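Note that our numbering has the sequence shown beginning at 36, numbered continuously upward.
Data first, discussion second: the structure below is written as structure tokens.
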Amino acid sequence: MVGGPSGPAGVEEEVHIRRLAQNMGLGEGLVWCGVQPHRRLPTYYQAADVLVVPSRSESFGLVAAEAQGVGLPVVAANVGGLRYVIKEGISGFLVDGWDPPDYAKALLKVLEGGADRDLLVDGALESGRRFGWETATGRLMELYRGIV
């Protein structure tokens, strides 16, 4: 697990997740990396099979955009900016609600997808390009030219 506490109840939530993993017999199989510096994130994204973003609210979805930039499919809550960042069935899957079985179904689509997984990786790369520096600077230059 890469990440760390978020929001006012973040620390308690992390303790709960660790305890839950231990009770399910998963404690030894998980590596808790905590919050990482931005420069290391691409390494973690590239080592992962899927990014899960079960947010209750998300203004933009920066983590999802970054992950897609290295070809990592995303399974995320169907909220806020994640709806704009993730292309349903192309770069990942959006999940309505927060029921674990719904997330499990979406995760299995990615992890057991075979050839479809390759399409998700390609879709993630394409989707991630929409948010890269080249695209952003190109759009900004277009705006400036329109003003002048």
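Here a beta-carbon is modelled for each residue, glycine too, at the ideal position from N, C-alpha and C.
Please read these numbers as outputs of a predicted model, since none were measured by experiment.
| Is it the case that the Cβ atoms of V114 and S90 are separated by a distance below 9 Å? | yes
| message | Rounding to the nearest angstrom, what Cα-Cα distance links D153 and V183 in this structure? | response | 44 Å
| said: Helix, strand or coil for A83? Go by DSSP, reduced to three states. | reply: coil
| For the alpha helix (DSSP H) that contains G149, what are its first and last residues? | Segment: none, G149 is in no alpha helix (DSSP H) and carries neither H nor E.
| Could you give the residue range of the alpha helix (DSSP H) that holds L117? | L117 to V120
| Counting along the chain, where does the alpha helix (DSSP H) carrying L102 start and finish? | A small correction: the amino acid at residue 102 is Ala; Leu does not occupy that position in the sequence shown. Element bounds for A102: L97 to G104.
| field | Expected contact under 8 Å - CB spacing of A141 and G106 to nearest Å | value | Actually they are not in contact, since the Cβ atoms of A141 and G106 sit about 18 Å apart, beyond 8 Å.
| Mind checking Y179: buried by the 16 CB within 10 Å criterion, or exposed? | With fewer than 16 other Cβ atoms inside 10 Å of its own Cβ, Y179 counts as exposed.
| For L129, the residue or residues it bridges with in DSSP | A111
| said: Quick check: the Cα distance between V37 and G132, rounded to an integer number of angstroms? | reply: 23 Å
| message | Just to check my reading of the structure: S126 and L155 have Cβ atoms closer than 8 Å, yes? What is that Cβ distance to the nearest angstrom? | response | 7 Å
| field | For G69: DSSP bridge partner residues | value | In the DSSP output, where bridge partners are listed per residue, G69 has V37.
| task | State the Cα-Cα distance for the pair G45 and D151, rounded to the nearest angstrom. | result | Spanning the two alpha carbons is a distance of roughly 35 Å.
| query | Is F95 closer than 9 Å to V120 when the C-beta atoms are compared? | reply | yes
| Helix, strand or coil: how does DSSP classify E123 here? | strand
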